[in-house]
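This report concerns only the one structure given below.
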Amino acid sequence: MRIELERRASASSLFALVSPILALVLTLLAGAIMFLMLGKDPGHALYSFFIEPLLEVWSLHELAIKAAPLILIAVGLSVCYRSNNWNIGAEGQFTMGAICGSMLPILVPQWQSPLVLPLMLVMGAIGGALFAGIPALLKTRFNTNEILVSLMLVYIAQLFLDWLVRGPWRDPKGFNFPQSVSFSADAVLPELLESGRAHWAIVFALVAAVAVWFMMRYMLKGFQVTVLGSSERAGRFAGFSSRRMVWFSLMLSGACAGLAGISEVSGSIGHLQPSISPGYGFTAIIVAFLGRLNPLGIIASGFVLALTYLGGEAAQLSIGVSDKVTRVFQGLLLFFVLSCDTLILYRIRLIFSDGRASAEARSPHA
Amino acid sequence: MTDAQGPQAGSLLSVEGLTKLFGSFAACNAIDLSVAPGEIHALLGENGAGKSTLVKMLFGVLQPSAGEIVWMGKPVTVTSPGEARRLGIGMVFQHFSLFEALTVAENIALSLDPKIPLAKIADEAATLSRAYGLPLDPNSHVADLSVGERQRIEIVRALLQNPKLIILDEPTSVLTPQEADKLFETLFKLKAEGRSVLYISHRLEEVQRICDRATVLRHGKVTGACDPRTETPASLARMMVGSDVASVEREAEPSLGEVLVDVKALSVAARTPFAVPLSNLDLQVRAGEVLAIAGVAGNGQGELFDAISGEYPVTDDQSIRLRGRPVGRMGINGRRLLGAGFVPEERHGHAAVSDMSLSDNLLLSRNQSDRKAFLTGGMSGVIRHGVIRQATQRICAAMDVRKSGEDPAAGSLSGGNLQKFIIGRELDRQPSVLVVNQPTWGVDAGAARRIRQALIDLARAGSAVIVISQDLDEIFEVATNIAVISEGRLSRPYPAGELSLEKIGLLMGGVHDSSSHAEGAHAH
């Protein structure tokens, strides 16, 4: 007996919906086995990992805070990936956006105006976009691989931030801690509701998701993205420029990541410090794929991945496991999502060694 | 299990009730077929008739849903192509299964015993390809080879394995008449050695010329078995398409108008090290004219199409004029706005995106030329899906495109139906200039006739049509004038009536008569 993947006549719309759910279930199962092997009660562990964070108002706010950058970055990445440009460096664009947006409150703290915040956000987006422009330039000019370039630029951005907050941008009154000055009230992204910390970033994320969804579904630009992503030659036949698409997709995703970066610094942290992200830029890659590269799906998957961050923090406290569990869950999830996606285009057949036996087994189905 | 079991005890291969289901669709429905040792057996049928599915089951690429394959008197289960090769079945696919990044010799080595050294394989392949008149450099990379050359690899690869039965799927579609003759000699030689050949073709004359028996398929079922030599092409075609195939109608003396396409001294350097450079090409097409450009694959046809369509603009703006306007540096959509339409050779991934719907594929080529109708105005460029879907239905109705569902993915259509849609997409605009590369490559007889008729009708209505083709039957059917491309150079145009097969064969083989350019200058 052997297992065979048989190509479906057309993509299964049922499995397009079921596959992410199946992946979630398999992730939970694998997680339960992992907890069991660690000697923890899997029921209790999974409960405190995935359910407990949803029961309190304050932690729902935390969920929104963590989901916002994930969704915002993943929405930009979805355009990139659909156009067959592989931006892996959103973490770096996130960092660069945070640095550029923070220039105003750090370098001219005395300027108090309602204009400060919008300008910061715009500068953050521009900073992220320009930083993503580096792999675009190198790809279109010298035919370099954007995966490697964008990934390596992450470390440059992180070390640049590290140098800034330990050197020129360090708060002189900060007791030598590697931190910038705290942002003034005008430079802080306001909270949404009285009940908790959630700020406007989640609104930016949702608006961006809906806007990109509309573009991909109803606008010629989105059509260009899809065509060039499926076949560069067909895109050329349609008169679309793949070179310009490299620029567009990378800079759009860079701008989204940059906006997420400055929103996070301005809304959640309030100053610059060496580490401003628990790996949002990388986790957003999982978010994008779990959401089927569809901006509306990304909203849902963004919340799921945000929950793994919260669960990891909770699990440290309540069941005493390392917060590395978060990474394990995220990795498991990506693995199962990609493998379950096979079922959309293929069906699984069990072929028994005697060809006719399997033919009989199959014929009633047909 | 004894070998007396099958009804065709003396046959090399016999197939009983072979069925292949894709979901509920029966691509092959209870096929019976038998091939005797030492015969050339034709498998005839339209695109989508189930020929490819049938041979894929024989070669172990697909597993049958029901039925039995009997090989040399014993029922067998062919689980993989490797198993088929071990049994002694060789196959030349219509769609090539080659790794583009590897060399010719490496591709051949993949299907042989891994212990044979590569140099030996390269040697044998070179010898064999010379012997069979299929010139091939074993060390060149597949990515740099034309469609015709890639098919040669497949043929040589199958012959190298010394098979008892060799299955050939449309092998002559990219060969010159002389090369085809050489291939037929090869096939006769194989036959004389006692080997069998299962020969799939649309070309009825060929089948009559070389095949001993024929099995005809339609809609996944066997509709006839005959001796092709006792049939007429018309009777074979009737079995194949189920109705009489009319030949195309055309006027004897079309009246020609003004010059719509004027290419002067067009030279294009090779874009990649292995592309064919175009040198000093001249051509003119007038309203009402069909200019056919004949030639063997890989002699600059693709490069010529790229230059005329504007997919790759050229440096000299004046070297290409459309309706009097210099357009050499203009992009493809600018040329479309001047009234030109283009149909490239490759359907999947060039003329159409396979996994997109037909209506999206309509937008593909007409996103600027029909901007007013298909998009709402302004910067936003919102797509009017409803309007485009209506236009899609109109095109499908006009060209008799058979499809499942209202707006299926382009990839789900058979080759012929997709090609009808791709041609209809351009015709729907009433282009004043249409450039088509290989209009009926891999398309069944019914669809091919329809496409050729549409090209002639377009010219008759006053458009200029350029048809780049390797199919000489097609060229003589549609052309007003014929020019031959060879090694990136174009012969002067000859009126279709004045050109003999022999002369065209010589031109395709690169025998330029020295006075051609001088004559061409006078003719204009």
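Listed in order, the protein sequences are those of chains W and P.
For reference, each letter of the first sequence is one residue, going 227 to 592 in this note's numbering.
For reference, each letter of the second sequence is one residue, going -14 to 509 in this note's numbering.
No residue lacks a Cβ here, since even glycine has one placed at the ideal position from N, Cα and C.
{"query": "Using a Cβ-Cβ cut-off of 8 Å, state whether residue 272 of chain P counts as contacting chain A.", "result": "The question asks about chain A, but that chain is absent: this structure's protein chains are W and P."}
{"query": "Against chain P, with Cβ distances strictly below 8 Å, would residue 469 of chain W count as a contact?", "result": "no"}
{"query": "Report the CB separation of residue 415 of chain W from residue 425 of chain W in whole angstroms; it is logged as a contact under 8 Å.", "result": "5 Å"}
{"query": "Rounded to whole angstroms, how far is the Cβ of residue 500 of chain W from the Cβ of residue 404 of chain W, which I believe are closer than 8 Å?", "result": "5 Å"}
{"query": "Can you give me the Cβ contacts of residue 229 of chain W inside the same chain, cut-off strictly under 7 Å, excluding the 5 residues immediately before and after it?", "result": "574 and 576"}
{"query": "Would residue 337 of chain P pass as an interface residue toward chain W - the criterion being a Cβ-Cβ separation below 8 Å?", "result": "yes"}
{"query": "Output, in chain order, the set of chain W residues within a Cβ distance shorter than 9 Å of residue 317 of chain P.", "result": "462, 463, 464 and 465"}
{"query": "Would residue 391 of chain W be called buried (16 or more neighbouring beta carbons within 10 Å of its own) or exposed?", "result": "buried"}
{"query": "Report the residues of the segment 437 to 461 of chain W with a CB closer than 8 Å to any CB of chain P, ordered along the chain.", "result": "444, 445, 446, 447, 449, 452, 453, 456, 457, 459 and 460"}
{"query": "Starting from the beta carbon of residue 577 of chain W, find every residue of chain P whose beta carbon is closer than 8 Å, and list them in chain order.", "result": "48"}
{"query": "Straight-line CA distance for residue 71 of chain P to residue 427 of chain P?", "result": "29 Å"}
{"query": "Can you name the start and end residues of the alpha helix (DSSP H) that residue 389 of chain W belongs to?", "result": "372 to 392"}
{"query": "List the endpoints of the continuous beta strand (DSSP E) containing residue 76 of chain P.", "result": "74 to 77"}
{"query": "Are the C-beta of residue 350 of chain P and some C-beta of chain W separated by less than 8 Å?", "result": "yes"}
{"query": "If we count the other Cβ atoms within 10 Å of its Cβ and call it buried at 16 or more, is residue 593 of chain W buried or exposed?", "result": "As shown, chain W starts at 227 and ends at 592. That puts residue 593 of chain W outside it, with no answer to give."}
{"query": "Given residue 522 of chain W, which residues of its chain have a CB within under 7 Å of its CB, disregarding the five upstream and five downstream residues?", "result": "435 and 439"}
{"query": "Using a Cβ-Cβ distance under 8 Å, would residue 392 of chain P count as near chain W?", "result": "no"}
{"query": "Would the segment 259 to 275 of chain P count as touching the segment 212 to 220 of chain P if we require 3 or more Cβ pairs under 8 Å?", "result": "no"}
{"query": "Per the contact definition of three or more C-beta pairs closer than 8 Å, is the segment 95 to 111 of chain P in contact with the segment 174 to 190 of chain P?", "result": "no"}
{"query": "Is the Cβ of residue 341 of chain P closer than 8 Å to any Cβ of chain W?", "result": "yes"}
{"query": "Check for me: the beta strand (DSSP E) holding residue 208 of chain P runs from which residue to which?", "result": "206 to 211"}
{"query": "Does residue 353 of chain P get closer than 8 Å to chain W when you measure Cβ to Cβ?", "result": "yes"}
{"query": "What does the Cβ neighbour count give for residue 284 of chain W, buried or exposed, with the cut at 16 atoms within 10 Å?", "result": "exposed"}
{"query": "Taking any Cβ of chain W, which residues in the segment 414 to 445 of chain P have a Cβ under 8 Å from it, in chain order?", "result": "none"}
{"query": "Based on the DSSP output, what are the partners of residue 425 of chain W in its beta bridges?", "result": "W:417"}
{"query": "Just checking: is the beta-carbon of residue 368 of chain P within a distance shorter than 8 Å of some beta-carbon in chain W?", "result": "yes"}
{"query": "Enumerate in chain order the residues of its own chain whose CB-to-CB distance from residue 377 of chain P is below 6 Å, with the five nearest sequence positions on each side excluded.", "result": "343, 344 and 347"}
{"query": "Could you please give me the residues that DSSP links to residue 59 of chain P through a beta bridge?", "result": "P:56"}
{"query": "Taking the alpha helix (DSSP H) that residue 485 of chain P belongs to, which residues open and close that run?", "result": "No alpha helix (DSSP H) contains residue 485 of chain P, which DSSP labels as neither H nor E."}
{"query": "Are the CB atoms of residue 338 of chain W and residue 408 of chain W within a distance shorter than 8 Å?", "result": "no"}
{"query": "Determine the burial state of residue 385 of chain W: buried for a count of at least 16 other Cβ atoms within 10 Å of its Cβ, exposed for fewer.", "result": "exposed"}
{"query": "Decide if the segment 306 to 325 of chain W is in contact with the segment 500 to 511 of chain W; the criterion is three or more beta carbon pairs, one per stretch, under 8 Å apart.", "result": "yes"}
{"query": "Look at the alpha carbon of residue 262 of chain W and the alpha carbon of residue 402 of chain P, and state the distance between them as a whole number of angstroms.", "result": "57 Å"}
{"query": "Whole angstroms are fine: how far does the CA of residue 5 of chain P sit from the CA of residue 414 of chain P?", "result": "40 Å"}
{"query": "In angstroms, rounded to a whole number, what distance separates the CA positions of residue 240 of chain W and residue 358 of chain W?", "result": "36 Å"}
{"query": "Go through the segment 366 to 398 of chain P residue by residue and report every complete run of the alpha helix (DSSP H) that reaches 4 residues or more, in order.", "result": "370 to 384"}
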